[in-house]
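Colleague: For the sequence shown, this note's numbering gives the first residue as 1, with consecutive numbering after it.
Just so you know, even glycine gets a beta-carbon here, dropped at the ideal spot from N, CA and C.
For clarity, every value in this text was computed on a predicted model and none was experimentally measured.
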Amino acid sequence: VYIEYALIENFLIDGGLLLFSLWLLKRRISLVKISLSALLGAGFALLYPLLSLPLFLSYLLKFSVGILLVLLASKKENSIGRYALNALSFFFVCFLFAGFLFAFNDLFSLKGEKISLGGLLGGSVIFSFLLAKFIKKLYFKRKINGFLYDCELFSGNNRLAVKGFLDSGNTASFNGAPVCFLSAKLLLDLIEVGQVCDEMQILTVNGKQKIKIFKIDKLWIYSLNGLNIIEKVYVSPTGNFQNGEYDLLLNGGILP
């Protein structure tokens, strides 16, 4: 029974680590190949304690088997470099998982004892959830970083520095001037009390909607090409952006 439990433990863990390491790199996934690779890894985990090897050869064997598992789990790649990156991703995920298990042990006062199958699988589920959140956050940052700009807005005697996101989907304009969307909380710091506003209609996923827009004196956008000064621009208040990476949604055509 112990051997069966150990086989199941290692199969599920190896399969999960292989799956996440390939998902991290947005690779094509084959559950059949991952399952066969995980089964090999589980078998090796059972046989490994029976081997008596010098420390160096022991680490070399573990490292070699890890590379073999990645090769078996990966779909056909275009270059050796991509296989190498798959292997690095796998070892990185393994390192994170090992660190999580140590913390899991300490948290539940299990240091020096073997974690039960239920506890190990429960910890694996928590680890998988945290890793998925990390990967999602990582890819989101990578996706938007190239479209983030330091910006300054000017209205009367007020000056506001914000981080802006260039959104190609924002094509709103009013009287030939671009319309940007600013966090409502920050807009209160920018405009003067009683400042006159206009209204315009925009098309959203929920249908047509009327929004209030305020004309500001100018907008500065800092890019790799230098400072871009937009003299005629409108801003409209919107809710806080959930990701917290920016406070200003720039018009997609605002930069030359």
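Taking the alpha carbon of F44 as the reference point, which residue from I229, L68, F181 and L31 has its own alpha carbon closest?
Modeller: The residue labelled residue 44 in the question sits at position 44 within the sequence shown. Taking only the C-alpha atoms, the option nearest F44 is L68.
Colleague: Under the rule that 16 or more other beta-carbon atoms within 10 Å means buried, what is F181, buried or exposed?
Modeller: On the sequence shown, position 181 is the one that residue 181 refers to. Label assigned to F181: buried.
Colleague: For D198 and L24, I'd like the C-alpha separation in whole angstroms.
Modeller: The sequence position of residue 198 within the sequence shown is 198, counting from 1. The sequence position of residue 24 within the sequence shown is 24, counting from 1. So the two alpha carbons sit approximately 46 Å from each other.
Colleague: Does DSSP put N170 in a helix, in a strand, or in coil?
Modeller: Within the sequence shown, residue 170 is the residue found at index 170, counting from 1. Reduced to three states, the DSSP call for N170 is coil.
Colleague: Going straight from the alpha carbon of I211 to that of A177, what length do you get?
Modeller: Position 211 of the sequence shown holds residue 211. Position 177 of the sequence shown holds residue 177. Their backbone Cα atoms lie some 15 Å apart in a straight line.
Colleague: In chain order, what residues of the same chain have a beta carbon less than 6 Å from the beta carbon of S21, not counting five sequence neighbours either side?
Modeller: Working through the sequence shown from its first residue, we reach residue 21 at position 21. Closer than 6 Å at the Cβ level, and outside the excluded window around S21, lie S89, F90 and V93.
Colleague: How is the alpha helix (DSSP H) around Y59 delimited, first residue to last?
Modeller: Position 59 of the sequence shown, counting from 1, holds the residue named residue 59. Unbroken alpha helix (DSSP H) run through Y59: L55 to A73.
Colleague: So for Y246, helix, strand or coil by DSSP?
Modeller: As a first step, residue 246 must be located in the sequence shown, where it is residue number 246. Reduced to three states, the DSSP call for Y246 is coil.
Colleague: Under 8 Å, do V235 and I254 count as touching if we go by C-beta distance?
Modeller: One-based indexing of the sequence shown puts residue 235 at position 235. One-based indexing of the sequence shown puts residue 254 at position 254. Going by C-beta atoms, V235 is not nearer than 8 Å to I254.
Colleague: As a quick exercise: from S58, L55 and S223, pick the residue whose alpha carbon is nearest that of Y149.
Modeller: For the purposes of this step, residue 149 is taken as residue 149 along the sequence shown, with counting starting at 1. For the set S58, L55 and S223, the Cα lying nearest the Cα of Y149 is the one of S223.
Colleague: Can you list, in chain order, the residues of its chain with a C-beta nearer than 6 Å to that of I80? Leave out the 5 residues immediately preceding and following it.
Modeller: Within the sequence shown, numbered from 1, the residue matching residue 80 stands at position 80. Excluding sequence neighbours, I80 sits near nothing in its chain.
Colleague: What's the C-alpha gap between N86 and S74?
Modeller: Translated into the one-based positions of the sequence shown, residue 86 becomes position 86. Translated into the one-based positions of the sequence shown, residue 74 becomes position 74. Distance between the alpha carbons of N86 and S74 is about 8 Å.
Colleague: Can T171 and G66 be called in contact, C-beta distance under 8 Å?
Modeller: Against the sequence shown, residue 171 aligns to sequence position 171. Against the sequence shown, residue 66 aligns to sequence position 66. No.
Colleague: Can you tell which of I8, V196 and L219 has its C-alpha closest to the C-alpha of K232?
Modeller: For the purposes of this step, residue 232 is identified with residue 232 of the sequence shown, where counting begins at 1. Per the Cα distances, L219.
Colleague: Please return the same chain residues whose Cβ sits closer than 7 Å to the Cβ of V1, not counting the five positions on each side in sequence.
Modeller: Indexing the sequence shown from 1 puts residue 1 at position 1. In this predicted model, V1 has a pLDDT of only 47, less than 50, meaning its place in the structure is not dependable enough to derive any value.
Colleague: Nearest-angstrom Cα distance between L46 and L12?
Modeller: Taking the sequence shown and counting its residues from 1, one reaches residue 46 at position 46. Taking the sequence shown and counting its residues from 1, one reaches residue 12 at position 12. Cα to Cα, L46 sits roughly 14 Å from L12.
Colleague: Return the first residue and the last residue of the beta strand (DSSP E) that D150 is part of.
Modeller: For this step, residue 150 is matched to residue 150 along the sequence shown. For D150, the enclosing beta strand (DSSP E) stretches over residues L148 to S155.
Colleague: Distance check for G226 and F214, CA to CA, integer angstroms please.
Modeller: Walking along the sequence shown from the start, residue 214 turns up at place 214. Walking along the sequence shown from the start, residue 226 turns up at place 226. Taking the straight line joining both Cα atoms gives about 26 Å.
Colleague: Cα separation between E4 and A38?
Modeller: Within the sequence shown, numbered from 1, the residue matching residue 4 stands at position 4. Within the sequence shown, numbered from 1, the residue matching residue 38 stands at position 38. Approximately 15 Å, taken between the alpha carbons.
Colleague: Run through the DSSP bridge pairs and tell me what V162 is partnered with.
Modeller: In the sequence shown, counting from the first residue as 1, residue 162 sits at position 162. BP columns for V162 point to C151.
Colleague: What are the boundary residues of the alpha helix (DSSP H) that K33 is part of?
Modeller: Numbered from its first residue, the sequence shown carries residue 33 at position 33. Looking at the DSSP string, the run of the alpha helix (DSSP H) that includes K33 is L31 to L47.
Colleague: Beta-carbon within less than 8 Å of A184's beta-carbon, same chain only, minus the 5 sequence neighbours each way: which residues are those?
Modeller: Along the sequence shown, read from residue 1 onward, the residue named residue 184 stands at position 184. So the list reads P237, T238, G239 and N240, once near-sequence residues are dropped.
Colleague: Quick one: residues in its chain with C-beta nearer than 7 Å to the C-beta of Y246, no 5 flanking neighbours on either side, listed in chain order?
Modeller: Residue numbering aside, residue 246 sits at position 246 when the sequence shown is read from its first letter. Closer than 7 Å at the Cβ level, and outside the excluded window around Y246, lie L148, K163, G164 and F165.
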